[in-house]
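Engineer:
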Amino acid sequence: MVSCRIYLFTYKRNHLLPRAVESLINQTFQNWVCELHNDCPDDPFPAAYTESLNDPRFIMKNHTVNMGAVAGFNLAFAGCTEHYASILEDDNWWEPTFLEEMIALMENRPAVNISWSNMNLWQEKAGNEWQNTGNTIWPASAHTTTFSWPAQQQAISALHSTGAMLYRGKYAHHYLAPHETLLNAIELVRERAFEHPIILNHKPLANFAITINTNRSADPYPWIASQVMLLASYIEASGNDVAIIKEALSYHRQLKPNPMVNFFLADLFLLKNRSLYKYFSLSDWMVIGKWLIRNGHKLNYIKTYLASQKATYIFLLKHTRLRFQESKQNVQ
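Here the sequence shown stands for residues 1 to 332, where the numbers follow the UniProt record's numbering.
(1) Does the Cβ of leucine 255 have 16 or more other Cβ atoms within 10 Å, making it buried, or fewer, making it exposed?
(2) Take every Cβ of the region 158-178, pair it with every Cβ of the region 111-125, and state whether three or more of those distances are shorter than 8 Å.
(3) For the ligand MN, I want to know if leucine 166 counts as a neighbour, meaning its beta carbon is within less than 7 Å of at least one of the ligand's heavy atoms.
(4) What are the boundary residues of the alpha helix (DSSP H) that glutamine 154 is part of?
(5) Specify the secondary structure class of tryptophan 149 as computed by DSSP and reduced to three states.
(6) Roughly how many whole angstroms lie between the Cα atoms of glutamate 107 and valine 2?
(7) If distances are taken between C-alpha atoms only, which option among Ile302, Phe45, Ala47, Asn38 comes closest to alanine 69?
(8) Assign lysine 61 to one of three DSSP states: helix, strand, or coil.
(9) How is the beta strand (DSSP E) around lysine 125 delimited, first residue to last?
(10) Taking the Cβ atom as the reference point for each residue, do threonine 64 and phenylalanine 58 lie within a distance shorter than 8 Å?
(11) How do the region 136-145 and the region 221-241 stand: do at least 3 beta-carbon pairs fall below 8 Å, yes or no?
(12) Can you give the Cα-Cα distance for aspartate 241 and threonine 144, rounded to whole angstroms?
(13) Rounded to a whole number of angstroms, what is the C-alpha to C-alpha distance between serine 308 and asparagine 54?
(14) Straight-line CA distance for asparagine 14 to aspartate 43?
(15) Should lysine 246 go down as buried or exposed, given a rule of 16 or more other Cβ atoms within 10 Å for buried?
(16) Answer with yes or no whether the minimum CB distance from alanine 69 to chain C is below 8 Å.
(17) In the DSSP assignment, what residue or residues form a beta bridge with glutamine 131?
(18) Could you name the residues of the same chain whose beta carbon sits closer than 7 Å to that of arginine 192, not counting the 5 residues immediately before and after it, in chain order?
(19) Please list the terminal residues of the continuous beta strand (DSSP E) segment that includes serine 52.
(20) Any chance the region 228-240 sits against the region 262-277, with 3 or more Cβ pairs inside 8 Å?
(21) Measuring CB to CB, does arginine 274 end up less than 8 Å from isoleucine 199?
(22) Pick from Ala185, Lys298, Gly127, Leu166: whose alpha carbon is nearest that of threonine 211?
(23) Where do the ends of the alpha helix (DSSP H) carrying isoleucine 137 lie?
(24) For my contact list, glutamine 30 and proline 96 are in at a C-beta cut-off of 8 Å; report their separation, rounded to the angstrom.
(25) How many Å lie between alanine 78 and threonine 181 at the Cα?
(26) In whole angstroms, what separates the C-alpha of arginine 5 from that of lysine 298?
Shown next, in the form of structure tokens:
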């Protein structure tokens with residue numbers, strides 16, 4: 001019988017944890033076990049709450065030290081004996097058929113190792129009130145979309161959602177990311193390790209919480225640096241392919257806010273061969289110039305941050321090269 005291991009991560013969100021747990025208990029697919037990881041060693045609530053459920057499928061994991069979100073999430077990619085695995089965060093929750101429908105999707109596609117569903121977006125209000133925004137991450141439908149490497153968004157972004165993902169347990173260890181990775185960018189970095197194709201179920205089977213408080217950093221410069229690493233590794237791993245560079249420039253010129261400065265910084269700090277500059281248009285240089293006027297004093301800060309992220313960049317280069325090799329093999 002098909003089985004699934006759920007990794008539920010919680011940290012000081014005792015008012016939200018029961019909602020996530022109840023959404024798991026109410027799944028139409030019931031052959032699961034759940035590791036509930038409490039990353040606040042001094043908080044007794046998760047263990048007491050789990051014990052009150054009297055459900056042997058829950059395995060309580062009280063961390064002896066605060067690991068942080070990135071190292072904690074890596075526990076979900078240590079590998080397991082179950083056929084499938086999934087991550088449930090304490091502030092998110094699933095629709096009752098999430099596991100049933102996502103497992104069925106994967107069972108019908110044995111060559112696919114990663115899938116995820118669309119998510120409804122909910123806004124937290126004061127007093128633990130929640131408002132359904134009526135929006136979803138992707139256009140909602142009954143269809144699926146299969147993504148081969150590379151999709152244009154993947155140069156500096158990612159496609160999947162951690163809280164709505166299903167993956168095969170035997171391949172989970174492939175997706176361990178460096179602990180130093182910026183939390184804001186962990187999905188973007190980890191996705192480079194995903195064997196493609198990957199598949200999206202456009203049906204909203206999970207719910208994403210836009211919370212009032214977040215553990216993610218508000219400092220914009222580590223985020224910019226992370227996107228710079230993604231872009232530089234994408235270009236370098238492609239062998240500085242001219243067609244790929246031009247396609248990436250064409251796609252990103254249309255975005256708002258315009259991320260053209262990332263191309264400039266990728267060459268300045270990581271590629272260091274001016275391979276991109278000759279493809280910049282006058283309008284590109286104007287965007288870059290305006291950014292430098294406002295943010296030029298932060299260049300050393302970005303450079304120092306990038307120097308602290310060597311393991312992440314090595315990871316990105318390794319796996320992005322694998323994705324391009326995989327893409328060429330799939331074409332043959």
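No residue lacks a Cβ here, since even glycine has one placed at the ideal position from N, Cα and C.
Structural biologist: If we stick to the structure as given:
(1) exposed
(2) Yes, the region 158-178 touches the region 111-125.
(3) Absent from the structure shown: the ligand MN. Ligands present: none.
(4) Looking at the DSSP string, glutamine 154 is not in any alpha helix (DSSP H), and its letter there is neither H nor E.
(5) coil
(6) 9 Å
(7) Asn38
(8) When DSSP states are grouped into helix, strand and coil, lysine 61 belongs to the strand group.
(9) 114-125
(10) no
(11) no
(12) Distance between the alpha carbons of aspartate 241 and threonine 144: 30 Å.
(13) 45 Å
(14) 9 Å
(15) exposed
(16) No chain C is part of this structure, which consists of one protein chain only.
(17) Gln123
(18) If we look at arginine 192 and ignore the five residues flanking it on each side, its Cβ neighbours are Leu316, His319, Thr320, Arg323.
(19) Segment 45-53 is the alpha helix (DSSP H) holding serine 52; no beta strand (DSSP E) there.
(20) yes
(21) No, they are not a contact pair.
(22) Gly127
(23) Per DSSP, isoleucine 137 is not a residue of any alpha helix (DSSP H), being assigned neither H nor E.
(24) Between proline 96 and glutamine 30 the Cβ distance is about 11 Å, and since that is not below 8 Å, they are no contact.
(25) 17 Å
(26) 44 Å
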